[in-house]
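Novice: One point on numbering: in numbering that gives the first Met the number 0, the residue at position 121 of the sequence shown is 120, and numbering is uninterrupted. Every residue gets a Cβ at the ideal spot worked out from N, C-alpha and C, and that includes glycine. Handing you this structure, nothing more for now.
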Amino acid sequence: MRRTIREMTEQLMGLGDEAWGHYAFFHEPLKRKLSKEQKASYTKLAMKCGREEGVLLKTANPQKTVLEITRDMGIRVETPDIPNGGGHVTFAQYEETGKIIIFMDCIKKADDLIRSEGMEELFADVDIFSVLLSHELFHVVEHKKRNTIFTQTEKIELWRRPFSNKSRIIALSEMAAMAFAGEIQGLPFSPYVFDVVLMYCYSKEAAEALYEEIMEAASQKEENDADNEREDRK
0 MRRTIREMTE QLMGLGDEAW GHYAFFHEPL KRKLSKEQKA SYTKLAMKCG REEGVLLKTA
60 NPQKTVLEIT RDMGIRVETP DIPNGGGHVT FAQYEETGKI IIFMDCIKKA DDLIRSEGME
120 ELFADVDIFS VLLSHELFHV VEHKKRNTIF TQTEKIELWR RPFSNKSRII ALSEMAAMAF
180 AGEIQGLPFS PYVFDVVLMY CYSKEAAEAL YEEIMEAASQ KEENDADNER EDRK
């Protein structure tokens, strides 16, 4: 039975950090190098990093919008309608040249979808443009603090001989950016929800497949919880 976008959204809004961490590590190139325990620890640390950076930024700029903060940091914000070329749907991106691009077509489509599906109360007071901008702004902060911030300095050793080779864990950056955006915007759910909502605007089939992937990842959390309960009973 096909789920409606409202049903999928409500389900996704109920997921916590650990479930989203499993989803993030689905796409981590180094995931096979990490144990369950390491992934769980990294998820907590990445989310904590993002939220702490969000609090710092809000505290330093209590009366400013995220757009004003971004511009004050010397970052140019461009708002073209749709991406140029290619078949991959892109919603927003940060370029280290000092530019954030937010593609407005996806926001218009999402606003229309939310209205047409009667989901206004699920997204009450949520400005999708600001959520996307907040996510990309974390990558600005991350770049400026690249020598000290957890998501950039934390690395795992791939091998030791004849020379040590260490690599960053890409998933940490994305988890932190989502937590940062959620903190900045005061969201009661993870911004990861928009991965499915925005994708649905372009391809229902792709959004449903993504939803299923997320729920499969979330089921790993439930399996871990069950394992922990069995261990506690021993």
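Would you kindly report the start and end of the unbroken alpha helix (DSSP H) that includes Tyr199?
Specialist: First-last of the alpha helix (DSSP H) with Tyr199: 192-199.
Novice: Looking at C-alpha atoms only, which residue of Leu136, Glu141, Leu171 is the closest neighbour of Leu29?
Specialist: Of Leu136, Glu141, Leu171, the residue nearest in Cα terms is Leu171.
Novice: To the nearest angstrom, how far is it from the Cα of Lys203 to the Cα of Ile4?
Specialist: Each residue's Cα considered, the two are about 9 Å apart.
Novice: Which of the three DSSP states is assigned to Glu120 in this structure?
Specialist: Three-state DSSP puts Glu120 in coil, outside helix and strand.
Novice: With H, G and I counted as helix, E and B as strand and the rest as coil, what does DSSP make of Arg31?
Specialist: Looking at Arg31 - three-state DSSP - the assignment turns out to be helix.
Novice: The alpha helix (DSSP H) that contains Arg75, what's its start and end?
Specialist: Element bounds for Arg75: not the alpha helix (DSSP H) but the beta strand (DSSP E), 75-77.
Novice: With a threshold of 9 Å between beta carbons, is Ile106 in contact with chain B?
Specialist: The structure shown contains no chain B; it is built from a single protein chain.
Novice: Between which two residues does the beta strand (DSSP E) carrying Ile101 extend?
Specialist: Per DSSP, Ile101 belongs to the beta strand (DSSP E) from 98-101.
Novice: On a Cα-Cα basis, can you pick out the residue from Leu55, Leu131, Phe149 that is closest to Tyr191?
Specialist: Out of Leu55, Leu131, Phe149, Leu131 has the C-alpha closest to the C-alpha of Tyr191.
Novice: Below 9 Å between beta carbons: does that hold for Leu197 and Val88?
Specialist: Cβ atoms of Leu197 and Val88: closer than 9 Å.
Novice: Could you check where the beta strand (DSSP E) with Gln92 kicks off and where it finishes?
Specialist: Unbroken beta strand (DSSP E) run through Gln92: 91-94.
Novice: Using 8 Å as the cut-off, can you tell me whether the segment 15-27 makes contact with the segment 39-56, which would need three or more C-beta pairs spanning the two stretches below that distance?
Specialist: A contact exists between the segment 15-27 and the segment 39-56.
Novice: Given Asp194, which residues of its chain have a CB within under 7 Å of its CB, disregarding the five upstream and five downstream residues?
Specialist: So the qualifying residues of the chain are Leu209.
Novice: Measuring straight from C-alpha to C-alpha, what distance separates Leu136 and Ala176?
Specialist: Each residue's Cα considered, the two are about 8 Å apart.
Novice: Between the beta-carbon of Cys200 and the beta-carbon of Leu112, is there less than 9 Å?
Specialist: For Cys200 and Leu112, yes; Cβs fall inside 9 Å.
Novice: Could you tell me the alpha carbon to alpha carbon distance between Gln151 and Lys165, rounded to whole angstroms?
Specialist: Cα to Cα, the separation comes out at about 12 Å.
Novice: Please list, in chain order, all residues of the same chain as Thr78 whose beta carbon is under 7 Å from its beta carbon, the five residues on each side excluded.
Specialist: For Thr78, where only same-chain residues beyond five positions count, the Cβ hits under 7 Å are Ile101, Met103.
Novice: Would you say Ile99 and Gln92 are within 9 Å of each other, going by their C-beta atoms?
Specialist: Contact flag set, yes.
Novice: Look at the alpha carbon of Ala23 and the alpha carbon of Thr96, and state the distance between them as a whole number of angstroms.
Specialist: For Ala23 and Thr96, the distance between alpha carbons rounds to 26 Å.
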